[in-house]
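Residue numbers (this note's numbering): 7 to 199.
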């Protein structure tokens, strides 16, 4: 099993993502990434592993399926207990310690005049909320970032090691609040169709 630290960065809004990636690289993380985030990071000269290379499975369905894979979610959901560690080892899955994801701009798309139903549907994020919720569920081990406004504090708190549990819990609560808001916006839109 791989022994380095892993982070996954997959963001629609790229604000401060370069700085976060540079920080994580300086701390010895292997960074996994997708699509536009992968391109932004590699264009900035940051060594990144594309999620499809990590999973051994390509993005499919016009990018609708990128991160929904056991090599991603096993690494996120595994607890640091012997049974989980052994299962990951048996399947060659590394633990993922940091997840930075923000969501497709559903609410902003909905607010734009002239958007078709299909345009709006394509802005319903599936993989992002799934990674966020899985990471937040496992806040005892994972730092999950859904807001670029938290990157600086995360970096400060992680400068000398692992981010503290209290802050990870706060980040997890923020994730569940954000995904709840996001799902409510989708629900409300579907009700008025």
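Virtual Cβ for every residue (Gly too), placed ideally from N, Cα, C.
Original post:
Since residue 91 contacts residue 137 with CB under 8 angstroms, what's their CB separation in whole angstroms?
Top reply: Their Cβ separation, rounded to whole angstroms, is 21 angstroms, which puts residue 91 and residue 137 out of contact at 8 angstroms.
Subject >> Three-state secondary structure (DSSP) of residue 61 >> reply: helix
Subject >> Residue environment, residue 9, which counts as buried when at least 16 other CB atoms sit within 10 Å >> reply: For residue 9, the pLDDT reaches just 48, beneath the cut-off of 50, and the residue's location in the model is therefore unreliable, leaving the point undetermined.
**OP:** May I have the straight-line CA-CA distance separating residue 13 from residue 30, to the nearest angstrom?
**Re:** 8 angstroms
Original post:
Considering only residues of the same chain and omitting the five flanking positions on each side of residue 166, which have a CB-CB separation below 6 angstroms?
Top reply: none
Original post:
Bridge partners of residue 12, per DSSP?
Top reply: 36
**OP:** Less than 8 angstroms between the CB atoms is what I'm expecting for residue 169 and residue 163, so what's the real figure, rounded?
**Re:** 5 angstroms
Original post:
Would you call the CB atoms of residue 47 and residue 78 closer than 9 angstroms?
Top reply: no
Original post:
What's the gap between the Cα of residue 122 and the Cα of residue 33?
Top reply: 44 angstroms
Original post:
Measuring CB to CB, does residue 108 end up less than 9 angstroms from residue 53?
Top reply: no
Original post:
For residue 161, which residues from the same chain have a beta carbon less than 6 angstroms from its beta carbon, with the 5 sequence-adjacent residues on both sides left out?
Top reply: 29
Original post:
Looking at the unbroken alpha helix (DSSP H) that takes in residue 141, where does it start and where does it end?
Top reply: 133-143
**OP:** Count the other CB atoms, across all protein chains shown, that sit within 10 Å of the CB of residue 135; report buried if there are 16 or more and exposed otherwise.
**Re:** buried
**OP:** Report the three-state DSSP secondary structure of residue 20 (helix, strand or coil).
**Re:** coil
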